[in-house]
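As C-alpha cells, the structure follows; a few thoughts come after it.
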Amino acid sequence: MPHFTLEYSANLDGLVDMAQTVEVVRKAAVETGIFPLGGIRVRAIKCEHYAIADGGKNYGFLDMVLRLGEGRDLAARKRAGEHIFRALSAHLDPVFANSKFALSFDMQINDKETSWKRNNIHDALKKVETVHG
Amino acid sequence: MPHFTLEYSANLDGLVDMAQTVEVVRKAAVETGIFPLGGIRVRAIKCEHYAIADGGKNYGFLDMVLRLGEGRDLAARKRAGEHIFRALSAHLDPVFANSKFALSFDMQINDKETSWKRNNIHDALKKVETVHG
Amino acid sequence: MPHFTLEYSANLDGLVDMAQTVEVVRKAAVETGIFPLGGIRVRAIKCEHYAIADGGKNYGFLDMVLRLGEGRDLAARKRAGEHIFRALSAHLDPVFANSKFALSFDMQINDKETSWKRNNIHDALKKVETVHG
Numbered sequence: 000m001p002h003f004t005l006e007y008s009a010n011l012d013g014l015v016d017m018a019q020t021v022e023v024v025r026k027a028a029v030e031t032g033i034f035p036l037g038g039i040r041v042r043a044i045k046c047e048h049y050a051i052a053d054g055g056k057n058y059g060f061l062d063m064v065l066r067l068g069e070g071r072d073l074a075a076r077k078r079a080g081e082h083i084f085r086a087l088s089a090h091l092d093p094v095f096a097n098s099k100f101a102l103s104f105d106m107q108i109n110d111k112e113t114s115w116k117r118n119n120i121h122d123a124l125k126k127v128e129t130v131h132g
Numbered sequence: 000m001p002h003f004t005l006e007y008s009a010n011l012d013g014l015v016d017m018a019q020t021v022e023v024v025r026k027a028a029v030e031t032g033i034f035p036l037g038g039i040r041v042r043a044i045k046c047e048h049y050a051i052a053d054g055g056k057n058y059g060f061l062d063m064v065l066r067l068g069e070g071r072d073l074a075a076r077k078r079a080g081e082h083i084f085r086a087l088s089a090h091l092d093p094v095f096a097n098s099k100f101a102l103s104f105d106m107q108i109n110d111k112e113t114s115w116k117r118n119n120i121h122d123a124l125k126k127v128e129t130v131h132g
Numbered sequence: 000m001p002h003f004t005l006e007y008s009a010n011l012d013g014l015v016d017m018a019q020t021v022e023v024v025r026k027a028a029v030e031t032g033i034f035p036l037g038g039i040r041v042r043a044i045k046c047e048h049y050a051i052a053d054g055g056k057n058y059g060f061l062d063m064v065l066r067l068g069e070g071r072d073l074a075a076r077k078r079a080g081e082h083i084f085r086a087l088s089a090h091l092d093p094v095f096a097n098s099k100f101a102l103s104f105d106m107q108i109n110d111k112e113t114s115w116k117r118n119n120i121h122d123a124l125k126k127v128e129t130v131h132g
C-alpha cells in the first residue's frame with residue numbers, strides 16, 4: 000500500500016508525458032506523509048479503445064484510483080487526496096487548455112483481513128538510509 | 000462518473016470490434032437516463048496473458064466493472080445494469096456462438112467523501128446544446 | 000467469479016514468464032476448492048509507466064486483486080487467499096532474489112445484487128466430464 004492506478008485514453012499520449020505523470024503522483028503521495036515510502040506504487044494503463052460522453056472522438060480522460068490500507072481517518076484521507084489531486088490536476092493544465100478532458104480520482108480501502116504482501120524495497124530503502132544517513 | 004472498465008482476453012480481438020463494443024456500452028449507458036452525459040467514460044483494456052477455468056487455451060472472457068457515484072437507489076442501479084448488460088450481451092452473441100466465453104458485469108459505488116474531479120466536457124456539451132438547441 | 004487481475008511493472012517481463020504466472024494463480028485457485036471451475040478468470044496487465052517508492056528506476060511490482068462473489072465466510076477466504084499468495088510468492092522467488100520487488104494481493108467482494116453474467120464455459124466443462132467421466 001498504497002496503490003495508484005491511472006487509466007487513460009490513448010490520445011493523451013500526444014499531449015502529456017506519462018512517465019512524468021506517474022512521477023508527479025508519486026512525489027505528491029510522498030509529500031502527504033501518511034504513506035510508508037517503500038509501499039508507494041503508481042502505474043498507468045493506456046486504453047486504446049474508449050467512448051466518452053456523447054461519443055465525440057476528441058475527448059480524453061484520465062481516471063485514477065487509489066487503493067490504500069485501513070487505519071487512516073477520513074480527515075487524513077481527504078487532506079492527502081486533495082493534495083495529490085491538486086498536483087495531478089496542475090500537471091494536466093495544458094491538457095485542459097488544449098482539449099476536452101475529464102480527470103477523476105477516487106479512493107478505495109483494502110480489507111486488512113484479506114491482504115497479503117511481500118516487499119524487499121523497504122529493506123533496500125533502510126540500507127540506503129544507513130549508508131547515506 | 001460513471002466509469003466503465005472492460006478487461007478482455009486478447010483472443011477476443013479476432014472475434015469482435017472493440018471500438019464498437021465500448022460504443023455499445025456508452026450508448027446503453029446514455030439510454031438509462033441516470034448518468035450525466037459528460038461524465039460517461041467507457042474503456043477497454045486488452046489482457047495478453049490470461050488463464051481461464053481448467054486452463055483450456057481457447058476460452059475467452061470480457062469482464063466489465065462500473066464505478067458510479069452515490070445517490071442512486073438499488074432499484075435504479077439494477078434497472079440500469081440490466082439494460083446495459085443486455086445490450087453488451089446481445090452485441091457479443093456471435094462470440095458466444097463461436098467460442099467458449101465468459102461475460103460478466105459488476106458495479107461498485109465510489110465514496111463521495113473521497114472523490115475528486117475536473118471536467119471541461121460538461122461545458123463543451125452545453126455549448127453544443129446552445130449552438131444546436 | 001472469481002476474477003484475478005494482476006497489474007505489473009513492465010520491467011518484470013525480463014524476469015518472469017507472465018503466461019506461466021497467470022497459470023500458477025489459476026492452478027492455486029482451483030486447488031482451494033472454493034471456486035466454480037468454469038468461473039475462474041486470471042489475467043495480467045502490463046504497466047509501461049510506473050513510479051515506485053523513492054522513484055528508484057530498478058524497482059518492480061506485481062499487484063493482484065481478486066474480486067469474488069458473496070457467500071464465503073472470512074475463514075474460507077483467508078485460507079484460500081493464503082494458499083494462492085503462497086503459490087504466487089514462491090513462483091516469484093527468483094524475482095525477489097534478483098531485484099527490489101513488491102508483491103501484493105487483496106480481495107474484494109462483489110455485490111450480488113448488481114452482478115450479471117453469461118458463461119458457456121460451465122457447459123463446455125460438463126460435456127468434457129461426460130465424455131471423459
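Residue numbers (numbering that gives the first Met the number 0), protein chains in the order written: chain A, 0 to 132; chain B, 0 to 132; chain C, 0 to 132. Yeah, the Cβ is synthetic: ideal placement off N, Cα and C, and Gly gets one too.
In chain A, no part has a C-beta under 9 Å from the C-beta of Ser114/C; the shortest such distance is about 18 Å. In chain order, Val23 and Ala27 place their CB closer than 6 Å to the CB of Ala86/C, counting only its own chain and leaving out the 5 sequence neighbours on each side. The Cβ-Cβ distance between Arg42/A and Leu11/A does not fall below 9 Å. According to DSSP, residue pairing for Ser103/A in a beta bridge involves Asp62/A and Lys116/B. For Ala101/C, same chain residues with a beta-carbon under 6 Å away, outside a window of 5 residues either side, are Phe60 in chain order. Interface annotation, Lys125/B: not in contact with chain A, CB-CB separation never under 9 Å. In this model, Asn109/A and Arg66/C are separated by some 12 Å (Cα to Cα). Sorting Ile51/B, Ala52/B, Thr31/B and Ile120/B by C-alpha distance to the C-alpha of Lys77/B places Thr31/B at the top. Excluding five sequence positions before and after Ile120/A, the CB atoms of its chain that fall closer than 7 Å to its own CB belong to Gly37, given in chain order.
Proximity of Leu102/A to chain B, defined by a Cβ-Cβ separation below 9 Å, is satisfied. Taken through DSSP and simplified to helix, strand or coil, Glu69/A comes out as coil. One Cα belongs to Ser114/A, the other to His82/C, and the distance between them is close to 13 Å.
In the three-state DSSP reduction, Ile33/C falls in the coil class, being neither helix nor strand. Within chain A, no residue has its CB atom less than 9 Å from the CB of Arg76/B, the nearest being about 17 Å off. In the structure shown, Leu91/A adopts coil according to DSSP, grouped into three states.
Identification of residues in the stretch 44-58 of chain C having a C-beta nearer than 9 Å to some C-beta of chain A yields Ile44, Lys45, Cys46, Glu47, His48, Tyr49, Ala50, Ile51, Ala52, Asp53, Gly54, Gly55 and Tyr58, given in sequence order. Here DSSP, grouped into helix, strand and coil, assigns Val41/C to strand.
Close CB contacts of Tyr7/C within its chain, under the 8 Å cut and outside five residues either way in sequence, are with Met17, Ala43, Ile44, Lys45, Cys46, Gly59, Phe60, Leu61 and Asp62 (chain order). Among the bridge pairs identified by DSSP, Phe3/A is matched with Val41/A and Leu65/A. For Phe34/B, the closest alpha carbon among the candidates Val21/A, Asp105/A and Ala52/A is that of Ala52/A. Taking C-alpha positions only, His2/C is separated from Glu69/B by approximately 24 Å. A buried status is given to Gly80/C, since no fewer than 16 other beta-carbon atoms sit within 10 Å of its beta-carbon. DSSP, read as helix, strand or coil, puts Ala52/B in coil. A direct Cα-Cα distance of roughly 29 Å separates Thr129/A from Ala89/C. Each residue's CA atom was taken as its position, placing Ser103/A and Glu112/B some 13 Å apart.
Not one beta carbon of chain C lies nearer than 9 Å to the beta carbon of Asn97/A. Between the beta-carbon of Val94/C and that of Leu14/C there is about 5 Å, and that keeps the pair under the 8 Å contact cut.
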